[in-house]
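Same order as they appear, the protein sequences are chains B and R.
Quick note: the first sequence uses my numbering, first residue 1, plus one each step.
Quick note: the second sequence uses my numbering, first residue 1001, plus one each step.
Here is the structure we will look at, set down as structure tokens.
2 protein chains.
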Amino acid sequence: MVNPLVRKLEYGARLSDEEKGLLESLIAGAEDVDGHQDLISEGDAPAHVHVVLKGFACRYKTLPDGGRQIMAWLVPGDFCDLHVSLLGEMDHSISTLTPSTIAFLPRDRLDVLTENRPTLAHALWWATLVDEAVLREWLVTMGRRPAHRQIAHMFCEVRVRLGAVGMADDDTMDFPLSQTDLADSAGLSAVHVNRVIQQLRDDGLISWRGHVLKVLDVAGLEALAGFNPNYLHLGGAAVAEGARAAVAGWR
Amino acid sequence: MVNPLVRKLEYGARLSDEEKGLLESLIAGAEDVDGHQDLISEGDAPAHVHVVLKGFACRYKTLPDGGRQIMAWLVPGDFCDLHVSLLGEMDHSISTLTPSTIAFLPRDRLDVLTENRPTLAHALWWATLVDEAVLREWLVTMGRRPAHRQIAHMFCEVRVRLGAVGMADDDTMDFPLSQTDLADSAGLSAVHVNRVIQQLRDDGLISWRGHVLKVLDVAGLEALAGFNPNYLHLGGAAVAEGARAAVAGWR
DNA sequence: CTCGCAGTTTAACCTATGTTGGCCTTTGAA
DNA sequence: TTCAAAGGCCAACATAGGTTAAACTGCGAG
């Protein structure tokens, strides 16, 4: 299987075989990590760049009262801390949600790569900007969609994102979060998430047992969520090429 | 007065006098724009880069049911669409909230600048990453803070952000949003925002009449909000220098 | 000066979601 | 095979915040 990082970045730029090879070699030294392990903590200035290759990780913050808000899911192909580190000090933490395989890239090797490979540099910034777009959509979702539409929206999104890296065949995917994790992502209580999930099941929209999520009625779920995938910017490298032509000085 | 763009970017990189001059000349052709005017709409691929010099603008999305969610406030010194356009097509809209002065930068001039001026390029990416950090904090705030803490948090943030560009002397600032705008930003109803505001006034934390917001009790408001300004990354260019040294290949 | 509009304030009522606490099921370790 | 822990489920109850609608205020246009 082509590795998910390459698959994802191909949506952001037209990569040559050589560039794909460079990416492959970069993530060669991946490690398995248990679930619920912090990879980076708020206040750190991390030495490595992390890429998720298997499993789920997340960005989160903890509030004074102990509450946790998950701000992003990091799925295979996603960087955890690619450019954030430009800010000096992390303003949030990153941890695995499930047992995962994580690549630890030495930052200096990545730097050399981006200096010499503008297309790769472009792809990496594209990935960061997509992260931001997802964040914006989550904000909209939390602010203006009722709980059932919100959860439906998150399922729609994860289906597309996992599908984009070849991990959602037949609308079925490994979705290993607990309902509590989902609640911390949605800004809801675990009890209410449970109510909503059961409603979605009763309506024949999804099935979710163990770690397997299956979207039974894609159109129905997307209609409920008001889902428009444009913000994921998966139109493909052709679209990105157009943008690149329009923007000469992106590196 | 030094223009707000330069003031802001100096937090992101140590700019030479020449670089500051370049920025100044870049925004020379600013225009006045009425309130509630779209600068860019979802679906556009904008030709200019916009910078707010005076007034307030915002990023927002509109939902099928007509609801509006504001995802960011754009205050003097902020770019509206600096790097987003790398994604090809806007996934959200940008409009003024009040009569504003907006600089329209020709993208190619900006491109030339960033190609030849790594420090400037760094400062611009820094600004984009700070935008993302603010977005993350808004998400936390919406998900896990009750309404009064949330509104308090927004006031704390705007006080620091306006202060950073010299527009909040003595904890007093021009804050020209309506309560409805605030509600659309917070994901609350206008009625409830009104309730909360009055509570904050009664508690002696703020005064807000006309367009003038005054934070009467900074410590009290920040304690209520659980405000920690680290996510604004205004530690200054010294901090950014450190990050820059650690990250050779950021341009 | 006054008219009209946009924004604010109030009140009454409603509902989505939170909380608590208990029980049930699954899983994996011993 | 059993047990403990984690996660899922459920019901009763509490409340933060939404909705509607009406009055009030201040301000800008004419």
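For glycine and all other residues, C-beta sits at the position ideal for the given N, C-alpha and C.
Using the DSSP secondary-structure output, state which residues sit across from residue i in a beta bridge.
i, result
"B/Ser-189", "Its beta-bridge partners do not exist; DSSP assigns none."
"B/Tyr-11", "Paired residue(s): none; B/Tyr-11 is not in a bridge."
"B/Gln-69", "B/Lys-61"
"R/Leu-1074", "R/Ala-1057"
"R/His-1050", "R/Phe-1104"
"R/Ile-1206", "R/Val-1215"
"R/Thr-1180", "Note: R/Thr-1180 sits in no beta bridge, so no partner."
"R/Ser-1095", "R/Asp-1038 and R/Cys-1058"
Determine, using beta carbons only, whether residue i comes closer than 8 angstroms to chain R.
i, result
"B/Pro-146", "no"
"B/Arg-7", "no"
"B/Pro-253", "As displayed, chain B neither begins before 1 nor continues past 251, which places residue 253 of chain B out of reach and without an answer."
"B/Glu-19", "no"
"B/Ala-13", "no"
"B/Arg-136", "yes"
"B/Ala-240", "Here the model assigns B/Ala-240 a pLDDT of 49, short of 50, so the residue's position is not dependable, and the following value carries that caveat. At least one chain R Cβ lies under 8 angstroms of B/Ala-240."
Mind checking which residues open and close the alpha helix (DSSP H) that includes residue i?
i, result
"B/Glu-42", "Per DSSP, B/Glu-42 belongs to no alpha helix (DSSP H) and is neither H nor E."
"B/Arg-144", "118-144"
"B/Ile-151", "147-164"
"R/Leu-1224", "1218-1225"
Name, please, each residue of chain R whose Cβ falls closer than 8 angstroms to the Cβ of residue i.
i, result
"B/Asn-194", "Those within 8 angstroms of B/Asn-194 in chain R number zero; the least Cβ separation is about 18 angstroms."
"B/Ala-164", "Within 8 angstroms Cβ-Cβ: nothing; B/Ala-164 doesn't reach chain R, min ~15 angstroms."
"B/Gly-210", "Ordered by position in chain R, no residue passes the 8 angstroms Cβ test against B/Gly-210, which lies about 27 angstroms from the chain."
For residue i, return the contacting residues in chain B, with the cut-off set at a CB-CB distance below 8 angstroms.
i, result
"R/Gln-1069", "Leu-139, Val-140, Gly-143 and Arg-144"
"R/Leu-1105", "Going along chain B, no residue has its Cβ under 8 angstroms from R/Leu-1105, so there is no contact; the nearest lies around 12 angstroms."
For the beta strand (DSSP E) that residue i lies in, which residues bound it at each end?
i, result
"B/Glu-24", "From DSSP, B/Glu-24 is part of no beta strand (DSSP E) but of the alpha helix (DSSP H) over 17-26."
"R/Pro-1106", "1100-1106"
"B/Met-173", "172-174"
"R/Glu-1265", "With chain R covering 1001 to 1251 only, the question about residue 1265 of chain R has no answer from this structure."
"B/Val-212", "212-215"
Against residue i, what residues of chain B qualify as contacts under a CB-to-CB distance less than 9 angstroms, listed in chain order?
i, result
"R/Ala-1133", "Val-84, Leu-87, Asp-91 and His-92"
Any beta-carbon of chain B closer than 8 angstroms to the one on residue i?
i, result
"R/Trp-1126", "yes"
"R/Leu-1022", "no"
"R/Gly-1249", "With a pLDDT of only 37 at R/Gly-1249, under 50, the local geometry of the prediction cannot be trusted, and the value read off the model is given with reservation. For R/Gly-1249, the answer is yes, since a Cβ of chain B falls inside 8 angstroms of its Cβ."
"R/Gly-1235", "yes"
"R/Leu-1129", "yes"
"R/Ser-1016", "no"
Could you tell me which chain R residues have their CB closer than 7 angstroms to the CB of residue i, listed as they occur along the chain?
i, result
"B/Lys-61", "Val-1140"
Compute every distance between the C-beta of residue i and the non-hydrogen atoms of the ligand MN, then say whether any falls below 7 angstroms.
i, result
"R/Phe-1079", "Ligands are entirely absent from the displayed structure, and the ligand MN is therefore not among its contents."
* Taking a Cβ distance cut-off of 8 angstroms, strictly less, list which residues of the segment 1079-1097 of chain R are near chain B, in chain order. => For the segment 1079-1097 of chain R, residues whose beta-carbon sits nearer than 8 angstroms to a beta-carbon of chain B comprise His-1083, Val-1084, Ser-1085, Leu-1086, Leu-1087, Gly-1088, Glu-1089, Asp-1091 and His-1092.
* Asked: What residues in the segment 1215-1233 of chain R have a beta carbon less than 8 angstroms from any beta carbon of chain B?
  -> Gly-1226, Asn-1230, Tyr-1231 and His-1233
* Residues within the segment 154-186 of chain B neighbouring chain R, beta-carbon criterion of under 9 angstroms -> Contact residues of the segment 154-186 of chain B toward chain R are Asp-184, Ser-185 and Ala-186 (C-beta to C-beta distance below 9 angstroms).
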